[in-house]
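Just so you know, we're using this note's numbering here: the sequence shown kicks off at 180 and counts up by one.
Below is one structure, written out as C-alpha cells; comments come after it.
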Amino acid sequence: MAKFVPGTDETVKSDEPLLDVLASAATPLKPGKHVFQLMVVDDSGNQSDTASVTVIVLDQDRPTAVVDLIDEAGNRHPEPEVSVPFGKPFRLSGERSSDIGGAVNVWNWTLLRG
Numbered sequence: 180m181a182k183f184v185p186g187t188d189e190t191v192k193s194d195e196p197l198l199d200v201l202a203s204a205a206t207p208l209k210p211g212k213h214v215f216q217l218m219v220v221d222d223s224g225n226q227s228d229t230a231s232v233t234v235i236v237l238d239q240d241r242p243t244a245v246v247d248l249i250d251e252a253g254n255r256h257p258e259p260e261v262s263v264p265f266g267k268p269f270r271l272s273g274e275r276s277s278d279i280g281g282a283v284n285v286w287n288w289t290l291l292r293g
C-alpha cells in the first residue's frame with residue numbers, strides 16, 4: 180500500500196489503489212482544508228481526468244466550518260469534503276477507478292493545497 184507522509188511527500192506514485200496518509204503528532208496535516216488529487220494511468224498509458232477529495236483536519240481549539248449541499252428532497256451531501264481528527268492517519272481509495280477495455284495500473288496522488 181502506498182504511504183503519504185505530511186511534510187515530506189507532495190506526490191506519491193503507486194501501483195496500488197490505496198493511499199495511507201500517515202498523519203501523526205510528529206507529522207500532522209495542519210488544521211484546515213487539504214485537497215488530494217488522483218490521476219490514474221491504464222495499461223495502455225492513457226491518463227484519466229483528475230478527481231479530488233477535500234479533507235478537513237479539525238482544529239483542536241477553534242471551530243471548523245463545513246458547508247453541505249442539501250438537495251430538493253432534503254438529503255445532505257457532504258462529499259467531497261471529509262473531516263478527520265487532528266494528528267490521526269486516514270486512508271484514501273482510488274479503488275473505484277476503472278478503464279473500459281483495460282486496467283488501471285498507476286495511481287498518482289497529489290496534495291494540491293493544505
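Note that the Cβ used here is the ideal one computed from N, Cα and C, for glycine as well.
For the ligand ZN, is there a heavy atom less than 7 Å away from the beta-carbon of residue i?
i	result
residue 189	In terms of ligand content, the structure shown is empty, and the ligand ZN therefore cannot be addressed.
Could you spell out the range, first to last residue, of the beta strand (DSSP E) harbouring residue i?
i	result
residue 182	181-183
Excluding the 5 residues flanking residue i on each side, which residues of the same chain have their C-beta closer than 6 Å to its C-beta?
i	result
residue 183	191, 198 and 200
If you reduce the DSSP assignment to three classes, tell me which class residue i lands in.
i	result
residue 201	coil
residue 187	coil
In chain order, what residues of the same chain have a beta carbon less than 7 Å from the beta carbon of residue i, not counting five sequence neighbours either side?
i	result
residue 226	218 and 220
residue 232	215, 259, 261 and 271
Within the same chain, show all residues whose beta-carbon is closer than 8 Å to that of residue i, passing over the 5 residues directly before and after it, in chain order.
i	result
residue 237	210, 243, 262, 263, 264 and 265
Quick one: complete beta strand (DSSP E) runs, 3+ long, within the segment 204-290? Fully enclosed beta strand (DSSP E) runs of 3 or longer: 211-221, 230-236, 260-263 and 269-272.
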